[in-house]
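Q:
Next up, the structure:
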């Protein structure tokens, strides 16, 4: 199987400046409650994440996700040691799901808005896209 990493950073309260739509997403996903209960600091989570990446990869990874530009800016601002482990290039998995939706008519899964669940969803999306392309054009 694939190694997984998931930790929440302790927060005292969910900032009142968060957009109401985003606040609802985090409430519905349980992320806010998990962060309020967490005992890990930002530095502790960053160090643990860096150790995980170093243990399981050779570094210089492409960053992939539903919105990797946003993710990269967040990492650079909040987790700079972790951000340096990623290659400058990235790929947007959402582009594949949109392509599948528009061209093939496949409906997108609703995002869980939890990092690990969203990663699993992204991997499934890439695998399904590859399978459809291989079936349509022949596997190479």
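Residue numbers (this note's numbering): 1 to 140.
Note that the Cβ used here is the ideal one computed from N, Cα and C, for glycine as well.
Source: prediction; values computed, not measured.
From residue 94 to residue 64, what distance separates their C-alpha atoms?
A: Locating residue 94 in the chain shown gives position 94, where the first residue counts as 1. Locating residue 64 in the chain shown gives position 64, where the first residue counts as 1. Taking the straight line from one Cα to the other gives about 10 angstroms.
Q: Return the Cβ separation of residue 31 and residue 120 in integer angstroms, given the expectation that the two are a contact with Cβ distance under 8 angstroms.
A: Taking the first residue of the chain shown as position 1, residue 31 is located at position 31. Taking the first residue of the chain shown as position 1, residue 120 is located at position 120. Contact between residue 31 and residue 120 does not hold, since their C-beta atoms are separated by about 16 angstroms, which reaches or exceeds 8 angstroms.
Q: Only counting the same chain, and skipping five residues up and downstream in sequence, which positions put a Cβ closer than 6 angstroms to that of residue 46?
A: Along the chain shown, one-based indexing puts residue 46 at 46. Only 79, 81 and 82 meet the Cβ criterion.
Q: Using a Cβ-Cβ cutoff of less than 7 angstroms, which residues in the same chain neighbour residue 61 once the five nearest sequence positions on both sides are dropped?
A: For the purposes of this step, residue 61 is identified with residue 61 of the chain shown, where counting begins at 1. Here the set comprises 85, 86 and 87.
Q: Per DSSP, what are the beta-bridge partners of residue 92 in this structure?
A: Sequence index remark: in the chain shown, residue 92 carries index 92 (1-based). In the DSSP output, where bridge partners are listed per residue, residue 92 has 65.
Q: CA-CA distance, residue 39 and residue 9?
A: By 1-based counting over the chain shown, the position of residue 39 is 39. By 1-based counting over the chain shown, the position of residue 9 is 9. Taking the straight line from one Cα to the other gives about 7 angstroms.
Q: If you count every other CB in all the chains shown that lies within 10 Å of the CB of residue 75, and 16 or more means buried, which is it?
A: Position 75 of the chain shown, counted from the first residue, corresponds to residue 75. With 16 or more Cβ atoms within 10 Å of its Cβ, residue 75 is classed as buried.
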